[in-house]
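First comes the structure, then the notes that go with it.
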Amino acid sequence: MLIVSASGSIALARRVADRIGARMVEVNVKRFPDGEIYIRAEKPLNEEIVLIGNSYPNDSLVELLLLQDLIYDLTGKRDFYTVIPYFGYGRQDRRFLNGECVSSKACAELLELKCGRIITINLHKDAIRDYFKKAAIHNLVPSRELSELSRDTDIVVSPDEGSFYLAESVAREIGVDCAHFDKKRVNDREVESSIESDVEGKKVLIVDDIISTGTTIINASRILKNGGAAGVEVACVHGLFAEGAAERIKKECISLNASDTIESCYTNYSVSESIAKKIKEG
Ligand code: R5P
Numbered sequence: 000m001l002i003v004s005a006s007g008s009i010a011l012a013r014r015v016a017d018r019i020g021a022r023m024v025e026v027n028v029k030r031f032p033d034g035e036i037y038i039r040a041e042k043p044l045n046e047e048i049v050l051i052g053n054s055y056p057n058d059s060l061v062e063l064l065l066l067q068d069l070i071y072d073l074t075g076k077r078d079f080y081t082v083i084p085y086f087g088y089g090r091q092d093r094r095f096l097n098g099e100c101v102s103s104k105a106c107a108e109l110l111e112l113k114c115g116r117i118i119t120i121n122l123h124k125d126a127i128r129d130y131f132k133k134a135a136i137h138n139l140v141p142s143r144e145l146s147e148l149s150r151d152t153d154i155v156v157s158p159d160e161g162s163f164y165l166a167e168s169v170a171r172e173i174g175v176d177c178a179h180f181d182k183k184r185v186n187d188r189e190v191e192s193s194i195e196s197d198v199e200g201k202k203v204l205i206v207d208d209i210i211s212t213g214t215t216i217i218n219a220s221r222i223l224k225n226g227g228a229a230g231v232e233v234a235c236v237h238g239l240f241a242e243g244a245a246e247r248i249k250k251e252c253i254s255l256n257a258s259d260t261i262e263s264c265y266t267n268y269s270v271s272e273s274i275a276k277k278i279k280e281g
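Residue numbers in the sequence shown follow numbering that gives the first Met the number 0, run continuously in steps of one, and reach 281 at the last position.
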């Protein structure tokens with residue numbers, strides 16, 4: 000088996016390759032002076048292929064589409080796996096206002112044009128799977144991996160209702176209670192949050208799927224600390240950490256943890272085992 004990795008996902012791709020005993024195909028990815036992307040596989044694609052790459056940020060989406068096209072062109076087959084560790088545009092999963100593009104649907108339709116089997120990690124909403132009409136899609140939720148980050152957690156808290164399913168499954172793995180905030184988004188950088196549960200004297204693990212500007216997490220951490228929490232740890236799946244978010248969050252909590260779907264200095268757990276297991280199952 001051969002693993003083809005987009006340039007932003009090489010660390011995770013190597014971990015997956017090690018776990019399944021596959022070889023990495025070197026890919027030459029260059030930028031032209033005008034920003035266009037050039038792709039060349041440095042080895043023949045003459046074995047079963049697994050492609051790994053994010054559809055975020057925008058350049059990575061283009062790179063991933065070019066790689067899918069290359070694999071399909073050279074092998075004539077659509078039945079290779081594309082693993083998309085972070086599926087970008089997941090938050091625009093419907094038309095919230097008249098005239099808006101349903102970006103999740105637009106991306107799903109592009110990403111299944113040349114590929115018949117897709118693995119995603121923790122889609123922002125499970126319903127996004129329905130936008131993939133042609134490809135078989137498997138969405139892996141890293142609850143076990145997240146629960147292993149817990150250090151004497153008394154309660155797992157989701158910073159909004161949307162991530163409650165994730166926090167709940169992590170709490171179940173750890174064997175503790177779970178609660179959620181009610182969150183109202185004011186704008187891209189402002190939210191209003193409240194929680195009813197009593198956290199006095201408790202060690203709290205906040206679990207969210209995505210951290211972008213950090214506003215959601217910082218608000219939640221402050222409210223928990225004001226409510227007497229004994230300590231606040233933060234864990235997410237996809238650490239986008241826009242606009243210096245990680246540094247701001249670090250000032251508010253004991254620890255900040257993210258997976259390797261997007262590699263950063265806060266990556267301290269891996270989703271490679273679950274991906275490798277799914278690939279081996281076929
Ligand atoms: C929202 O539905 C997500 O689950 C995250 O809570 C959100 O994307 C985090 O964004 P930010 O870090 O900018 O508050």
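Ideal Cβ positions, reconstructed from N, Cα and C, are used throughout, including at glycine.
Could you check whether the region 216-224 touches the region 111-125, counting it as contact only if at least three pairs of C-beta atoms, one from each stretch, sit closer than 8 Å?
no
In angstroms, rounded to a whole number, what distance separates the CA positions of Gly174 and Ala107?
35 Å
Tell me the rounded alpha-carbon separation between Glu199 and Ile2.
48 Å
Using a Cβ-Cβ cutoff of less than 6 Å, which residues in the same chain neighbour Thr266 once the five nearest sequence positions on both sides are dropped?
Ala257 and Asp259
Coarse secondary structure for Val101, derived from DSSP in three states
Residue state, collapsed to three classes: coil.
Of all the options Asp159, Gly87 and Lys124, which has the alpha carbon lying nearest to the alpha carbon of Asn53?
Gly87
Tell me the residue span of the alpha helix (DSSP H) that contains Asn225.
Thr214 to Asn225
Going straight from the alpha carbon of Ala228 to that of Glu147, what length do you get?
21 Å
Checking the sheet assignment: what are the DSSP bridge partners for Tyr55?
None; Tyr55 has no bridge partner.
Measure from the C-beta of Glu272 to each C-beta in chain D and report whether the shortest distance is under 8 Å.
No chain D is present in this structure, which holds just one protein chain.
Taking its Cβ as the centre, do 16 or more other Cβ atoms sit within 10 Å of Ala234, making it buried, or is it exposed?
buried
Thr74 by DSSP, collapsed to three states: which one?
Look at Thr74 here: in three-state DSSP terms it is helix.
Using only the alpha-carbon positions, how far apart do Ile248 and Glu144 sit?
21 Å
Considering only heavy atoms of the ligand R5P, does any lie closer than 7 Å to the CB of Thr119?
Answer for Thr119: no, Cβ out of range of the ligand R5P.
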